[in-house]
Ligand SMILES: [Zn+2]
Ligand SMILES: [Zn+2]
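Residue numbers (full-length UniProt numbering): 1 to 189.
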């Protein structure tokens with residue numbers, strides 16, 4: 001497939017993982033080192049022919065993922081040649097998909113690469129809310145339980161295994177288990 005080298009299965013999986021608290025913890029370990037540099041090289045190597053074979057959604061997902069990597073890792077260790085070529089590609093996509101979600105994600109990437117504090121602050125705030133959500137609101141009975149960490153009542157208790165989900169009590173932990181189970185494991189980092 002034409003898009004194999006840009007959005008392959010491992011990259012799609014990692015992109016999904018960026019939306020979990022585990023990812024933020026993983027990104028601070030040596031094992032995650034260099035991911036932003038690797039993705040920069042991949043984007044730098046996208047040709048017009050390869051780009052033409054990509055769906056709009058795939059480009060948006062690439063941009064979203066790349067922005068997350070840049071936020072977590074910065075761009076200090078990235079090869080300057082790769083960075084210049086990647087910026088050129090991001091600008092092409094931004095122009096090509098003007099007025100769509102692609103343009104938005106490209107602006108995030110370019111903002112991160114240019115140390116645009118306004119753009120970065122906006123993204124970091126969003127990421128923080130996303131990562132903290134499971135740690136501040138009862139994860140049982142979605143849409144039913146309104147207990148949160150700062151309502152002044154008894155503190156919510158954390159899932160003892162993963163510590164990335166909180167509950168008001170055993171009944172809601174049980175109610176939320178089916179949804180939480182696929183995300184629950186004791187991380188090695
Ligand atoms: Zn609850
Ligand atoms: Zn858990």
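Beta carbons are placed, not taken as given, at the ideal position from N, Cα and C, and that holds for glycine.
In this text the structure is predicted, and so the values were computed from the model without any measurement.
Nearest-angstrom Cβ-Cβ length linking residue i and residue j, presumed shorter than 8 Å
{"i": "residue 83", "j": "residue 40", "result": "6 Å"}
{"i": "residue 184", "j": "residue 145", "result": "Not a contact, Cβ separation roughly 18 Å."}
{"i": "residue 124", "j": "residue 89", "result": "Going by Cβ atoms, the distance from residue 124 to residue 89 rounds to 24 Å, so no, they are not a contact pair."}
{"i": "residue 176", "j": "residue 140", "result": "4 Å"}
{"i": "residue 147", "j": "residue 168", "result": "4 Å"}
{"i": "residue 138", "j": "residue 172", "result": "5 Å"}
{"i": "residue 69", "j": "residue 35", "result": "5 Å"}
Extent of the continuous alpha helix (DSSP H) run through residue i
{"i": "residue 38", "result": "35-44"}
{"i": "residue 106", "result": "101-113"}
{"i": "residue 196", "result": "For residue 196 there is no data in the structure shown, the boundaries of the chain being 1 and 189."}
{"i": "residue 174", "result": "170-180"}
{"i": "residue 185", "result": "Counting along the chain, residue 185 falls outside any alpha helix (DSSP H), and DSSP gives it neither H nor E."}
{"i": "residue 52", "result": "48-52"}
{"i": "residue 70", "result": "56-73"}
Pair within 8 Å by beta-carbon distance, residue i and residue j
{"i": "residue 21", "j": "residue 156", "result": "no"}
{"i": "residue 105", "j": "residue 67", "result": "yes"}
{"i": "residue 119", "j": "residue 107", "result": "yes"}
{"i": "residue 113", "j": "residue 87", "result": "yes"}
{"i": "residue 32", "j": "residue 78", "result": "no"}
{"i": "residue 15", "j": "residue 65", "result": "yes"}
{"i": "residue 97", "j": "residue 56", "result": "yes"}
{"i": "residue 73", "j": "residue 27", "result": "yes"}
{"i": "residue 63", "j": "residue 109", "result": "yes"}
Residue i beta carbon near ligand 2 (any heavy atom closer than 7 Å)
{"i": "residue 180", "result": "yes"}
{"i": "residue 138", "result": "no"}
{"i": "residue 184", "result": "yes"}
Residue i Cβ short of 7 Å to ligand 1 heavy atom set
{"i": "residue 162", "result": "no"}
{"i": "residue 75", "result": "no"}
{"i": "residue 167", "result": "yes"}
{"i": "residue 108", "result": "no"}
{"i": "residue 145", "result": "yes"}
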